[in-house]
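Here is the structure we will look at, set down as structure tokens.
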Amino acid sequence: MTQPELLGLIDLIRTSKQCIIHEPATDQEIDGWTRSLKPIKVPGAYVALIREFGFIEIGSSTIYGMGSSSEPNGANVRKITTFERVMASPQLRSEFIPIMADGMGNHYCLDTSRVSRDDCSVVFWQHDHPKGEMQMVKLVNKSFISWLVGLIKENE
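Per numbering that gives the first Met the number 0, numbering through the sequence shown is continuous, rising by one, with the last residue being 155.
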């Protein structure tokens with residue numbers, strides 16, 4: 000990820016009529032969450048967006064995040080990640096961070112095993128896949144930034 004790519008995404012989110020942004024997450028919230036995920040590295044692009052916008056609604060989709068308004072809206076990435084890794088069956092693999100639901104119990108996830116230059120792949124996790132935790136996830140996009148730009152443009 001380059002700084003111009005991130006700044007372009009932030010500008011697109013701010014100017015898109017399809018994006019609703021919320022109260023940003025605090026550094027304390029983000030730091031506590033990222034420390035709790037060690038040794039998983041949360042991509043810098045995702046951290047920058049939750050630091051800037053909290054969580055983001057794009058059309059009828061919600062990109063999970065943090066901030067005081069994320070909990071009442073069911074968009075708190077920390078709680079959703081914990082639920083999917085501990086309570087759900089099959090449990091979400093530890094290298095995945097759920098960032099958006101599809102409405103059927105499945106999630107688009109950041110694949111933190113593929114972090115490069117503060118960006119990473121987005122994969123699709125099927126909650127009722129017959130192979131459960133051993134499923135071969137579907138690669139949706141090699142770049143979180145590119146995936147999110149596409150989602151925004153698709154909703155315009």
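By construction, the Cβ of each residue, glycine as well, lies at the ideal position given by its N, Cα and C atoms.
Residue i: first and last residue of the uninterrupted beta strand (DSSP E) it sits in
i, result
"Ile-98", "95-100"
Backbone secondary structure at residue i - three-state DSSP
i, result
"Ile-39", "coil"
"Arg-113", "strand"
"Lys-137", "strand"
"Ser-60", "strand"
"Phe-54", "coil"
"Asp-127", "coil"
Rounded C-alpha distance that separates residue i from residue j
i, j, result
"Asn-154", "Val-148", "10 Å"
"Ser-88", "Glu-56", "27 Å"
"Arg-13", "Ser-59", "17 Å"
"Ile-39", "Thr-81", "14 Å"
"Glu-22", "His-128", "35 Å"
"Lys-152", "His-106", "20 Å"
"Lys-37", "Val-85", "16 Å"
"His-157", "Val-139", "Not covered by the structure: residue 157. The range shown for the chain is 0 to 155."
Identity of the residue in the options nearest residue i by Cα
i, options, result
"Val-121", "Ile-19, Ile-20, Pro-23, Val-41", "Val-41"
"Lys-141", "Asp-118, Ile-49, Asp-127", "Asp-118"
"Phe-143", "Val-46, Glu-70, Met-133", "Val-46"
"Trp-146", "Gln-90, Asn-72, Arg-116, Ile-98", "Ile-98"
"Thr-185", "Ser-15, Met-65, Leu-5", "In the structure as shown, the chain starts at 0 and stops at 155, and residue 185 therefore has no counterpart that could be examined."
"Ile-29", "Ile-49, His-21, Ser-68", "Ile-49"
"Cys-18", "Ile-62, Ala-44, Gln-2", "Ile-62"
"Gln-27", "Trp-124, Leu-109, Met-86, Gly-53", "Gly-53"
"Trp-124", "Gly-104, Val-114, Arg-116", "Gly-104"
"Ser-69", "Ile-20, Glu-4, Leu-138", "Ile-20"
"Ser-115", "Ile-96, Ala-44, Arg-34, Ser-67", "Ala-44"
"Ile-9", "Thr-1, Glu-51, Arg-34", "Glu-51"
Residue interval of the alpha helix (DSSP H) (run including residue i)
i, result
"Thr-80", "76-85"
"His-142", "One detail in the question is off: residue 142 reads as Ser in this sequence, not His. Counting along the chain, Ser-142 falls outside any alpha helix (DSSP H), and DSSP gives it neither H nor E."
"Leu-5", "2-14"
Integer-rounded CB distance, given that residue j should sit under 8 Å from residue i
i, j, result
"Glu-83", "Thr-111", "The pair is not a contact, with the Cβ atoms about 14 Å apart (cut-off 8 Å)."
"Arg-77", "Trp-32", "5 Å"
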